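Chains A and B supply the protein sequences, listed in that same order. Take the first sequence: its position 114, counted from the start at 1, is 113 in numbering that gives the first Met the number 0, and no numbers get skipped. Take the second sequence: its position 290, counted from the start at 1, is 289 in numbering that gives the first Met the number 0, and no numbers get skipped.
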Amino acid sequence: MAHAATHDHHDHHGAPKGFFQRWVMSTNHKDIGTLYLIFSLTMFFIGGAFAMVIRAELFKPGMQLVQPYFFNEMTTMHALVMIFGAIMPSFVGLANWMIPLMVGAPDMALPRMNNLSFWIMPFAFILLLSTLFMPGGGPAGGWTMYPPLSLQGESIAYTIFAVHLMGISSIMGAINIIATILNMRAPGMDLLKMPVFVWSWLITAFLLIAVMPVLAGAVTMLLTDKYFHTNFFNAAGGGDPVLFQHIFWFFGHPEVYIMILPAFGIISEIIPTFSRKPIFGYRAMVFAIASIAFLSFIVWAHHMFAVGLPMGAEIFFMYATMLIAVPTGVKVFNWVSTMWGGSMTFETPMLFSIAFVILFTIGGFSGLMLALAPADFQYHDTYFVVAHFHYVLVTGAAFSIMAAAYYWLPKWSGNMYSETWGKIHFWSSVISVNVLFFPQHFLGLAGMPRRIPDYNVAFANFNMISSIGGFWFGASQLIFLGVVIHCVFFSKKKAADRSWEGAKGLEWTVPSPAPFHTFDVPPVIHDDELAHGNTEH
Amino acid sequence: MTSGGIGRSISAWAAGALALFGGAAWANPEPNQLNMTKGAAEWSPYAMHMVALWVCVVIGIVVFGAMFIAMFRFRKSRGAVAEKWSHSTKLEVVWTVIPVIILIFLAHLATGGLTSFADTTNSEMTIKVTGYQWKWRYDYVDYKGKGVDQVGFISKLEETSDRTRQLKSNLDPDKIKVDGYNTYLLDVDKPLVLPTNTKIRFVIVGGDVIHSWWVPALGWKMDAIPGIANAAWTNIKEPGVYRGQCAELCGQDHGFMPIVVKAVPRAEFEQWLATQEDEAKVQKAAQTAQTVPAQAPQG
Ligand code: HEM
Ligand SMILES: [Cu+2]
Ligand SMILES: [Cu+2]
């Protein structure tokens, strides 16, 4: 131990030389951040490949490509991979890279645990994805894993252990983030001067610690029901299948906010930069995030309006869900007000952020409609819901991650990406994603249930349009890959330390690329240099 | 229709949009349908849906409008200079209070909808619906306060659809039509026959895994869960054939367990029910007759 500790102190001037030493044994927040980001991009393409199978089968009526059971494996795996493999780890990667840089800390508070939280992930996903190659196939009961159906699957144990591993990784990541933010800030970096991104992650980390154990409990009960003769969810043995849904969504709803709060943070950094104007209502923004996080614990049964809840429960969960629209609205209004009176330019990160505000809001509108329980008796489990959560997750969470990648790539790599190709990627994505998901609103309203491999001829046109948008959106992401690879390895254009004219915050005071070790000595904080240093409100 | 679907969809769009704003009532999915059906039953969330939709459209126009104005006016390339302000209590109060008022209005509407939906009392008829992998069972429990004698049957995907939906069947889903309406995956061997203008209570249960019984024209879906008896009701106003599907993932053939409700005037329904009861009696008699000779040689 003592030896290792001194060893860490030695190489303060550069990265370890050996590949294994540098990447597998890493305790450096920047390298681990990079690992997370590469991992999540890989998962994004694997999950995307599953989506292509889904959209190909749904291209026209009739079964052309896959068996219905395999189709169900695809929808299940697509969701699990995208949620746990793509969106969540990429936010953790961004947190690793940026939080120490933003609060003036030399590294994460718990660097070795950081290494462990990352390296669990590849194993979790090998476990999960390997089920596709086994006799009996992968999980096919939906990412929500409702029993009794999920217990009919032969690979449920693999899925459960994979979920356990992901949960452990997330919890450790969250502990690390909280410890870093609360203990490692440079003197003068008061809590209420922190970037909104850091705030959003602080709150998200608490959500993670609160709900990942709940998910672990729920899936463990599935495991014992399947293999150890318990009857938690088995009606014939005195259990209750609906109990699982309550536990799952007690995790599940905060989980969807785990996937959007860091996005709120990112957007709240980027819009001020390219508007050259401080964020409007800093404190209201932080307070809105905190109240959304609180409310997210008391709305879970809006996913269960059709299970036959007592009327009082329906009313309670309906009102609580509708309340979320208020702080969410505050955020949207504040972003617009930040832009108002600014001096705007439209580089790729800004384009993605503006698209985020508009398209996430559309997802919020459908969310508000879904919150109305009587109307949800129609919407529930249709393509209308599919459209809703893809607007908030793809054009919300995923767009914010892309915005963040373009925004901070110069800091990470020391090079500027190609603005032309970035814009091509943006326009191609933003058009195709709407071709992909907007018609799904119509399909749901017209009566098409979700998670079906084939459909009546009446749904044919919009499905075909949606599939074309899907292939186009999928292909557009290859441009993203190209832009990133070009930027990191081939771009000749060096990035300035302050890569964007209007950018403020500590991360822009260090060189580009950020050296292996930063802030060995805590920086002296000048409020004017901070993005939110002078915000009295 | 699958080939060249796009071209036709654009021309059909105009008709669809017209119907959307003209408010045509679809009972069953129509090609290029954009909006929710008004339904054929007394209880319908359609009005509530439309109110919520228009509220969202109006808010959207205001917010996105402001954004586009900002993007146009405050561009650096137009020489805009950034202002310094970053706060306004007055504005923040305004855009907290106005949404709250709108939400209270919507909550009021929705609470009314929920209350009427939850009231299953005073029904004249009870149907028990059981979901199985991958078919439905319907049992007629009582009608006008009298128990119904052994009328119940399984209802599952009709055969032509079933053959067509097999992987690489090379059969054309377009060809499956009833009265000119395409019924691919939306038709069953034996529909649920119900009387119109009758408050009907449903008791919905799951036989193996969770399913969800959904006919859009009735305005709601209700999960069919093993071990739990869920209740719902409808009162169908217009005779017709109403089609729906299972709405909760229930395994490989989840997409292939449609629901068909055939609503007929009461007199016709009573006749139908009587025939069914008679048939059930005949069948029962035949069964006993069959079992007796079967046992005879032993005796
Ligand atoms: C204004 C805020 C929001 C409201 C009022 C809202 C409301 C709802 C409701 C009522 C449902 C259940 C629909 C149904 O199954 O019938 C739902 C589903 C869903 N929402 Fe939201 N939502 C909001 C924002 C979000 C955000 C920010 C995310 C994630 C980033 C999200 C992700 C999801 C997902 C993933 C589902 C579907 C889960 C599933 O069944 O697989 N929502 N939402
Ligand atoms: Cu939710
Ligand atoms: Cu089903």
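Ideal Cβ positions, reconstructed from N, Cα and C, are used throughout, including at glycine. Predicted model, so just to flag it, every value in this text is computed and none were measured.
Item                                                                                                 : Value
Range of the contiguous alpha helix (DSSP H) that encloses B:C55                                     : Y45 to R72
Between the CA atoms of A:V102 and A:N533 - distance to the nearest angstrom                         : 16 angstroms
Cutoff 7 angstroms: A:N230 Cβ touching any chain B Cβ                                                : no
Those residues which DSSP pairs with B:G151 across a bridge                                          : B:D138
Where A:A123 meets chain B, residues with beta-carbon distance less than 9 angstroms                 : Per Cβ cutoff of 9 angstroms: no residues; A:A123 is ~24 angstroms from chain B at best.
Neighbour flag for A:V325 against chain B, beta carbons, 7 angstroms                                 : yes
Nearest-angstrom Cβ-Cβ length linking B:Q165 and A:M62, presumed shorter than 8 angstroms            : 7 angstroms
Straight-line Cα distance separating B:K176 from B:G22                                               : Because the pLDDT at B:G22 is just 38, under 50, the model does not fix this residue reliably, and the value given afterwards should be weighed accordingly. About 25 angstroms.
Which of helix, strand or coil DSSP assigns to A:I297                                                : coil
Own chain residues within Cβ distance below 7 angstroms of A:I202, not counting five before or after : L260, I288, A289 and A292
Length of the line joining the Cα atoms of A:S365 and A:H387                                         : 6 angstroms
Option in A:T419, A:R450, A:A459 and A:H424 with minimal Cα separation from A:P438                   : A:A459
CB contact check: B:A106 to chain A, cutoff 7 angstroms                                              : yes
Status (buried if at least 16 other CB within 10 Å, exposed otherwise) for B:K280                    : exposed
Heavy atom of ligand 3 within 6 angstroms of A:E346 beta-carbon                                      : no
Same chain, Cβ closer than 7 angstroms to B:K134, neighbours up to 5 away in sequence not counted    : I153, S154, K155 and M256
B:E41 Cβ short of 6 angstroms to ligand 3 heavy atom set                                             : no
Bounding residues of the alpha helix (DSSP H) (the contiguous stretch that carries A:H252)           : P240 to I257
Distance, A:T360 Cα to A:V391 Cα                                                                     : 8 angstroms
Own chain residues within Cβ distance below 7 angstroms of B:A26, not counting five before or after  : T36, A39, A216, G239 and Y241
Range covered by the beta strand (DSSP E) that runs through B:Q244                                   : G239 to C245
Reference A:L350, options A:G362, A:V384 and A:T272, closest by Cα                                   : A:T272
Burial state of A:M171 (16 or more Cβ within 10 Å)                                                   : buried
Buried/exposed call for A:V523, threshold 16 Cβ in 10 Å                                              : exposed
Under 9 angstroms by beta carbon: chain A residues contacting B:M70                                  : M338, M343, F345 and I353
Cβ shell of A:A108 (< 7 angstroms), same chain only, five flanking positions each side left out      : N175, A178, T179, N182 and M183
Three-way DSSP call (helix, strand, coil) for A:D224 in this model                                   : helix
beta-carbon B:C245 near ligand 3 non-hydrogen atom, thresh 6 angstroms                               : yes
Limits of the unbroken beta strand (DSSP E) element including B:Y131                                 : M124 to Y131
DSSP beta-bridge partners of B:F201                                                                  : B:I126 and B:A231
Whether A:A204 touches A:A173 by CB criterion (7 angstroms)                                          : yes
Selection from A:Y256, A:W334 and A:S295 that minimises the alpha carbon distance to A:P277          : A:W334
7 angstroms Cβ cutoff met for B:M66 and A:A374                                                       : no
Simplified DSSP assignment, three categories, for A:T537                                             : Examination of residue 537 of chain A is not possible in this model, given that chain A is present from 0 through 536 alone.
Residues near B:F20 by beta carbon distance below 7 angstroms, same chain, minus five either side    : With a pLDDT of 41 at B:F20, under the threshold of 50, the modelled position of that residue is not reliable, and the figure given next carries that caveat. Around B:F20: no qualifying Cβ.
Pair within 7 angstroms by beta-carbon distance, B:V214 and B:I258                                   : yes
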